[in-house]
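**Student:** Using the working numbering, you'd call the opening residue of the sequence shown number 1 and step up by one each time.
Mind looking over this structure? Questions follow.
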Amino acid sequence: MNPIRVGLLGLGTAGGGTYDILLRNREEIARRAGREIHVVAAAVRNLDKARARVGDAIRLGTDPQAVVDATDVEIVVELMGGIEPARSLILSAIRQGKHVVTANKALLALHGNEIFAEAQKQGVMVAFEAAVAGGIPIIKALREGLTANRIQWIAGIINGTSNFILTRMREAGASFAEALAEAQALGYAEADPTFDIEGIDAAHKLTIMAAIAFGMPMHFEQAYTEGISQLTADDIRYAEEFGYRIKLLGICRRTSEGVELRVHPTLIPQQQLIANVNGVMNAVLVRGDAVGSTLYYGAGAGAEPTGSSVVADLVDVTRMHTADPDHRVPHLAFQANRVTEVRVLPISAVRTSYYLRLRAVDRPGVLADVTRILAEQGISIEAMLQREPPQGEQQVDVVILTHRTVESALTAALERIEALDSIAGPVVRIRMEALAS
Ligand code: NDP
Ligand code: HSE
């Protein structure tokens, strides 16, 4: 059988990794796919750099639309990143009846509803395994492996850069800026690292997973997003003293009132496997009603881990492109006409427990005031720690762990606590999750 022909939009970290794997494992991949997969053309900005990498083996140009339009390109692989021109190029490929593979989570989280609707209309596949958790086949697991389950919740370390930074801060005492610079040098960070450290990249990936898990449209704009840039070494240390690690988690949970969709630093018990996922590694914990908890672990970024997922999609498309579109795995796991709107809960309606750190004047009655306010808001305390004030200082750090409560009650309590003249500055609030059933 003739090889299937691929056009690459981008030959950077992900594109280069994809190209190298296709070349190195060509024979093994063909044995799995049923035919060889050949890259015939690629578009880049810097031709010299790309030529140095691939030589004369493929057609190279600077016009990605030319690759999309090329009559010998059957599958378009978008690995450029960004919203435009990636969105228009993908829509153009779909309208020409070409299948698409992409790793572009930002694009899918923002415009996935439009892209999948168009793909459905044209009967083509849009595959996106690499868009979530790099090399971990989590899309395959959620869409196919767990298809018997009603998914209850997902909690994931889905941004390698922020996990790398948190690990370096905890293990090596690196400053936030030093750890970020290291992650950038290693090619983990997005073009705009704000996306990594402020939780935006994780929210993109969470949006995609929630859509597949719950059969709902993409609602990135409703995701609550809080990053790690405000975390201090003190909070990391206090968390350890209580037996917790702080991780940037993406959490989606089905509740009787709606779906929680949130990314934020989270205290999780040290003994949980996922608490021990370090460096750039990612892990996704999925709770299904039939299977219970399952954990998926692996490299969340980097050239070949990302390429591994892109090539897996290429093999899927190669195997399935002649199948009747109605008999392929639906893009979002649920049949397109059964994807339904679900209420996304505002963060004020989320129920969880909390780590609180406050600076309090060291005098009688201060803690009584704080605990009274918490009690009046119906918030129960699980543990509390107060340090001796350093020599000559009047203020002490007080750390409180609460039981589960609704966030609006906690916010109301914190407003009252911060108004006390015995409390200095804002109270640090970090959400906690047991990640139990
Ligand atoms: P890079 O910046 O490394 O590569 C981007 C590639 O696209 C480069 O080859 C660049 O050309 C080319 N390119 C960009 N814009 C244009 C344009 N207008 N015309 C022609 N070529 C263009 O990005 P990554 O490989 O890191 O990321 C690509 C995508 O994969 C993103 O959506 C990212 O979020 C996603 N992803 C990345 C992962 C990673 O570990 N890096 C992991 C998972 C997903 P040139 O080289 O000449 O500048
Ligand atoms: N910047 C992303 C990360 C790349 O750090 O996880 C993989 O999506």
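Backbone N, C-alpha and C fix where the C-beta goes; we use that ideal spot for every residue, glycine too.
Predicted model, so just to flag it, every value in this text is computed and none were measured.
Would you say ASP41 and ILE21 are within 9 Å of each other, going by their C-beta atoms?
**Tutor:** The residue given as residue 41 occupies position 41 in the sequence shown. The residue given as residue 21 occupies position 21 in the sequence shown. Here residue 41 turns out to be Ala, not Asp, going by the sequence shown. Contact: no.
**Student:** Under 8 Å from any heavy atom of ligand 2, does the C-beta of LYS205 make it?
**Tutor:** Translated into positions along the sequence shown, residue 205 becomes position 205. Under cutoff, so the answer is yes.
**Student:** Is THR266 closer than 9 Å to LEU295 when the C-beta atoms are compared?
**Tutor:** By one-based count along the sequence shown, residue 295 stands at place 295. By one-based count along the sequence shown, residue 266 stands at place 266. No, the pair does not count as a contact, with Cβ atoms beyond the cut-off.
**Student:** So which of ILE37, VAL54 and HIS331 has the shortest CA-CA distance to VAL76?
**Tutor:** To locate residue 76, count along the sequence shown from 1; it is residue 76. The residue with the shortest Cα to Cα distance from VAL76 is ILE37.
**Student:** Are the beta-carbon atoms belonging to SER92 and ASP69 less than 9 Å from one another?
**Tutor:** As a working mapping, residue 92 is identified with position 92 in the sequence shown. As a working mapping, residue 69 is identified with position 69 in the sequence shown. Yes, Cβ-Cβ distance for SER92 and ASP69 is below 9 Å.
**Student:** Rounded to the nearest angstrom, what separates ALA191 and PRO389 at their Cα positions?
**Tutor:** Residue 191 sits at position 191 when you count from the first residue of the sequence shown. Residue 389 sits at position 389 when you count from the first residue of the sequence shown. The straight-line gap from Cα to Cα measures roughly 43 Å.
**Student:** Alpha carbon to alpha carbon, how far is LEU166 from PHE176? Give it in angstroms, no decimals.
**Tutor:** Here residue 176 corresponds to residue number 176 of the sequence shown, with the count starting at 1. Here residue 166 corresponds to residue number 166 of the sequence shown, with the count starting at 1. CA-to-CA, the gap between PHE176 and LEU166 works out to about 8 Å.
**Student:** Taking DSSP as the reference, what is the three-state secondary structure of ASN278?
**Tutor:** As a working note, residue 278 is residue 278 in the sequence shown. Reduced to three states, the DSSP call for ASN278 is coil.
**Student:** Where THR232 and ILE136 are concerned, what is the direct C-alpha to C-alpha distance, given to the nearest angstrom?
**Tutor:** Locating residue 232 in the sequence shown gives position 232, counting from the first residue. Locating residue 136 in the sequence shown gives position 136, counting from the first residue. Counting only the Cα atoms, ILE136 lies some 30 Å from THR232.
**Student:** Assess contact between the region 136 to 146 and the region 260 to 280, defined as three or more Cβ pairs (one per stretch) separated by less than 8 Å. Is contact present?
**Tutor:** Contact between the region 136 to 146 and the region 260 to 280 is absent, because fewer than three Cβ pairs lie under 8 Å.
**Student:** Whose C-beta lies closer than 7 Å to the C-beta of PRO269 among residues of the same chain, with five residues either side of it excluded?
**Tutor:** One-based indexing of the sequence shown puts residue 269 at position 269. GLY243, TYR244, ALA275 and ALA434, listed in sequence order.
**Student:** So, with DSSP's three-state summary, where would you put HIS38?
**Tutor:** Here residue 38 corresponds to residue number 38 of the sequence shown, with the count starting at 1. Correct three-state label for HIS38: strand.
**Student:** Using only alpha-carbon positions, find the residue among VAL124, HIS264 and SER380 that is nearest to LEU442.
**Tutor:** Because the chain is modelled from 1 through 437, residue 442 falls outside the range shown and cannot be assessed.
**Student:** How far does the beta strand (DSSP E) with VAL310 in it extend, from its first residue to its last?
**Tutor:** Taking the first residue of the sequence shown as 1, we reach residue 310 at position 310. Careful: VAL310 lies outside any beta strand (DSSP E), inside the alpha helix (DSSP H) at 303 to 320.
**Student:** Rounded to whole angstroms, what's the CA-CA distance from ALA303 to PHE164? Just pull it up for me.
**Tutor:** Working through the sequence shown from its first residue, we reach residue 303 at position 303. Working through the sequence shown from its first residue, we reach residue 164 at position 164. Spanning the two alpha carbons is a distance of roughly 17 Å.
**Student:** Can you say whether GLN120 is buried or exposed, counting buried as having 16 or more other CB atoms within 10 angstroms of its CB?
**Tutor:** Locating residue 120 in the sequence shown gives position 120, where the first residue counts as 1. Buried.
**Student:** Report the option in GLU418, GLU27, ILE208 and SER229 whose CA atom is closest to the CA atom of PHE195.
**Tutor:** Here residue 195 corresponds to residue number 195 of the sequence shown, with the count starting at 1. Of the candidates GLU418, GLU27, ILE208 and SER229, the residue whose Cα lies closest to the Cα of PHE195 is SER229.
**Student:** Pull up the CB-CB distance for ASN282 and GLY298, whole angstroms please, since I reckon it's below 8 Å.
**Tutor:** In the sequence shown, residue 282 corresponds to position 282, counting from 1. In the sequence shown, residue 298 corresponds to position 298, counting from 1. Contact between ASN282 and GLY298 is confirmed by a C-beta separation of about 7 Å, below the 8 Å threshold.
**Student:** Pick helix, strand or coil for MET209, following the three-state DSSP scheme.
**Tutor:** Here the question's residue 209 lines up with position 209 in the sequence shown. Correct three-state label for MET209: helix.
**Student:** PRO64 lies in the alpha helix (DSSP H); which residues open and close that run?
**Tutor:** By one-based count along the sequence shown, residue 64 stands at place 64. Counted as a single uninterrupted DSSP element, the alpha helix (DSSP H) harbouring PRO64 occupies residues 64 to 69.
**Student:** Determine the DSSP secondary structure at HIS111, reduced to helix, strand or coil.
**Tutor:** Working through the sequence shown from its first residue, we reach residue 111 at position 111. Three-state result, HIS111: helix.
**Student:** For my contact list, ARG351 and THR405 are in at a C-beta cut-off of 8 Å; report their separation, rounded to the angstrom.
**Tutor:** On the sequence shown, residue 351 is found 351 positions in, with the first residue counted as 1. On the sequence shown, residue 405 is found 405 positions in, with the first residue counted as 1. 7 Å between Cβ atoms; contact.
**Student:** Which residues mark the beginning and the end of the alpha helix (DSSP H) in which GLY160 is found?
**Tutor:** Translated into the one-based positions of the sequence shown, residue 160 becomes position 160. For GLY160, the enclosing alpha helix (DSSP H) has its first and last residue at 160 to 172.
**Student:** Is any heavy atom of ligand 2 found at a distance shorter than 8 Å from the C-beta of LYS105?
**Tutor:** Taking the sequence shown and counting its residues from 1, the one referred to as residue 105 is at position 105. Yes - ligand 2 has a heavy atom lying nearer than 8 Å to the Cβ of LYS105.
**Student:** How is the alpha helix (DSSP H) around LYS247 delimited, first residue to last?
**Tutor:** Reading the sequence shown from its first residue, position 247 is the one you call residue 247. Residue range 244 to 254 is occupied by the beta strand (DSSP E) that includes LYS247, with no alpha helix (DSSP H) assigned at that position.
**Student:** Which stretch, first to last residue, makes up the alpha helix (DSSP H) that contains GLN184?
**Tutor:** Walking along the sequence shown from the start, residue 184 turns up at place 184. Element bounds for GLN184: 176 to 185.
**Student:** Measuring only the C-alpha atoms, how far is GLN152 from GLY258?
**Tutor:** Working through the sequence shown from its first residue, we reach residue 152 at position 152. Working through the sequence shown from its first residue, we reach residue 258 at position 258. Using only the alpha carbons, I get a separation of about 12 Å.
**Student:** Going by the DSSP bridge assignment, what does THR194 pair with across the sheet?
**Tutor:** Taking the first residue of the sequence shown as 1, we reach residue 194 at position 194. For THR194, which the question treats as bridged, DSSP gives no partner whatsoever.
**Student:** Would you give the residue range spanned by the alpha helix (DSSP H) that ARG32 belongs to?
**Tutor:** Taking the first residue of the sequence shown as position 1, residue 32 is located at position 32. Counting along the chain, the alpha helix (DSSP H) containing ARG32 begins and ends at 26 to 33.
**Student:** What residue range is occupied by the uninterrupted alpha helix (DSSP H) comprising THR411?
**Tutor:** Your numbering for residue 411 matches position 411 in the sequence shown. Segment 407 to 418, the alpha helix (DSSP H) holding THR411.
**Student:** Classify HIS99 as helix, strand or coil using the three-state DSSP reduction.
**Tutor:** In the sequence shown, counting from the first residue as 1, residue 99 sits at position 99. Of the three classes helix, strand and coil, the one that applies to HIS99 here is strand, per DSSP.
**Student:** Nearest CA to the CA of THR402: which residue from ASP313, ALA312, VAL126 and LEU374?
**Tutor:** Counting from one through the sequence shown, the residue named residue 402 turns up at place 402. Closest in alpha carbon position to THR402, among ASP313, ALA312, VAL126 and LEU374, is LEU374.
**Student:** Which whole-angstrom value is the C-beta distance of LEU142 and ILE212, which I expect to be below 8 Å?
**Tutor:** In the sequence shown, residue 142 corresponds to position 142, counting from 1. In the sequence shown, residue 212 corresponds to position 212, counting from 1. At roughly 5 Å, the Cβ-Cβ gap stays under 8 Å, so LEU142 and ILE212 are in contact.
**Student:** So is PRO305 buried or exposed if we call it buried at 16+ other beta carbons inside 10 Å?
**Tutor:** As a working note, residue 305 is residue 305 in the sequence shown. Under this definition PRO305 is a buried residue.
**Student:** Measuring from each Cβ to the nearest heavy atom of ligand 2, keep the ones under 6 Å and list them in chain order.
**Tutor:** GLY134, ASN159, GLY160, THR161, TYR188, ALA189, GLU190, ASP196, ASP201, GLY300 and ALA301
**Student:** So does the region 106 to 114 actually touch the region 211 to 227, counting three or more Cβ pairs closer than 8 Å?
**Tutor:** yes
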